[in-house]
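Enquirer:
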Amino acid sequence: MKNLSDISVVKEILAKHGFTFSKALGQNFIINQNICPEMADMAIPDDDYCALEIGPGIGVLTYQLARRAKKVVAIELDKRLLPVLDETLAEFDNVEIVNADVMKLDLAELIKEKFSGEKICVCANLPYYITSPIIMLLLESKLPVESLTVMVQKEAADRLCAEVGSRESGAVTVAVNYYARAEKLFNVSKGSFMPAPKVDSAVIKLSIREKPPVEITDEKKFFSMVKAAFAQRRKTALNSISAGMGLSKEKISSALEKAGLDLNVRAEKLTMQQLADLCEAIEE
Ligand code: SAM
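Sequential numbering from 54 applies to the sequence shown in my numbering.
(1) Check for me: the alpha helix (DSSP H) holding Tyr232 runs from which residue to which?
(2) Run through the stretch 101 to 148 for me and flag every whole beta strand (DSSP E) of 3 or more residues, listed as ranges in chain order.
(3) Just verifying my parser: in three-state terms, what is the DSSP assignment at Thr184?
(4) Following a CB-centred definition, is Met298 positioned closer than 7 Å to any heavy atom of the ligand SAM?
(5) Quick one, are the C-beta atoms of Glu221 and Arg234 less than 8 Å apart?
(6) Who does Ser61 pair with in a DSSP beta bridge?
(7) Under a three-way DSSP split, which group does Glu310 fall into?
(8) Check Ile84 in the structure and name its three-state DSSP category.
(9) Output needed for Asn240: all residues of its chain with C-beta closer than 7 Å, excluding positions within five of it in sequence on either side, in chain order.
(10) Going by DSSP in three states, Ile335 sits in which element: helix, strand or coil?
(11) Out of curiosity, what's the CA-to-CA distance linking Thr73 and Val227?
(12) Within the stretch 247 to 288, note down every full beta strand (DSSP E) run reaching 3 residues or more, in order along the chain.
(13) Threshold first: 3 residues or longer. Then list the beta strand (DSSP E) segments lying entirely within the stretch 144 to 218, N to C.
(14) With DSSP as the reference, label Leu300 as helix, strand or coil.
(15) Would you kindly work out how many angstroms separate the C-alpha atoms of Gly297 and Lys274, rounded to a whole number?
(16) Going by the beta-carbon positions, is the gap between Thr184 and Met92 smaller than 8 Å?
(17) Sort Ser61, Ala127 and Leu331 by Cα distance to Lys311 and report the nearest one.
(18) According to DSSP, is Ala290 part of a helix, a strand, or is it coil?
(19) Between Gln285, Gly313 and Gly299, which has its C-alpha nearest Ala320's C-alpha?
(20) Based on the DSSP secondary-structure assignment, which residues constitute the bridge partners of Glu236?
(21) Is Lys131 near the ligand SAM - that is, is its Cβ less than 7 Å away from at least one heavy atom of it?
(22) Any idea which residues DSSP pairs Val241 with across the strands?
(23) Ala210 and Lys243 look like a contact to me (Cβ under 8 Å); what is the Cβ gap, rounded to whole Å?
Below you can see the structure in the form of structure tokens.
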């Protein structure tokens, strides 16, 4: 077994395959040997679980997932990595690599085909250029997965795991909170990657809720209101919702009153329940 997080081993494998890093694909590979075992331990409750990974790179995390999970399916866009993964994961017969763009796949269909009825968790060091879109895709698709244990940039981790109603919260915080309970597990310094990115990272875990924490009649309207409310952070919720949803200020004022909210309140001060009440009170 090769130590895939040993920098000299990584360099040797990449040189052998003539691989060069693609910045556009967010290729920063982990070279700190403590991280992947810890991430895999925290992601996979027991060996009865299957794991879905996005962006295996040279397979450093995939290797640890394969040691713990019943089966691993890893989606990698860069086909230059396929021969590398063939080599680094050769000792496992429970790993399958899917060469595709995660954003273009029918994930529900893939899960049905590859895991049919098994318990699934997602674990990945996400490509940073599409962190939030991938997380939102996974959550909004309402896939039969129990949790997402993912590495993201530290700033994104803070936003994703913020409390709704706190200064750090944003539209993505509300969306994540609607679908999952978010917790930050540990920080990862930028020196843990090759090449080193400009900022530090963190591993977070999103445990999917059985049902949302608030009742919403129209999810589409709720999320478009939330997006509008946070779009102009320095404005009041009244002004930004009115501008973003193209509804009159009178209409939003009367909804705020109906929901028992201050007319000058900002979106970041509103709790999940207050946002839900406000959405219900907006009549179109
Ligand atoms: N898991 C490896 C590690 O931790 O060292 C690599 C992580 S690297 C941050 C992100 C990986 O995602 C790269 O291997 C990259 O090629 C892949 N990737 C980028 N965009 C992708 C996409 N749209 N679909 C699938 N994989 C993608």
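Just so you know, even glycine gets a beta-carbon here, dropped at the ideal spot from N, CA and C.
Expert: On the basis of the data shown:
(1) Ala224 to Tyr232
(2) Taking only runs of at least 3 residues, the beta strand (DSSP E) segments lying wholly in the stretch 101 to 148 are 102 to 107 and 124 to 129.
(3) Residue state for Thr184 is assigned as helix, using DSSP reduced to three classes.
(4) no
(5) no
(6) Paired residues: none, contrary to the question.
(7) helix
(8) coil
(9) Lys207, Asp253 and Ala255
(10) coil
(11) The straight-line gap separating the alpha-carbon atoms of Thr73 and Val227 is approximately 38 Å.
(12) 254 to 261
(13) For the stretch 144 to 218, whole beta strand (DSSP E) runs of length 3 or above, ordered along the chain, are 148 to 152, 172 to 178 and 200 to 206.
(14) coil
(15) Gly297 and Lys274 have their C-alpha atoms roughly 12 Å apart.
(16) no
(17) Leu331
(18) helix
(19) The shortest Cα separation from Ala320 among Gln285, Gly313 and Gly299 belongs to Gln285.
(20) Lys258
(21) Position check: residue 131 holds Asp in this sequence, whereas Lys was assumed. Yes, the ligand SAM has a heavy atom inside 7 Å of this Cβ.
(22) Ser254
(23) Actually they are not in contact, since the Cβ atoms of Ala210 and Lys243 sit about 14 Å apart, beyond 8 Å.
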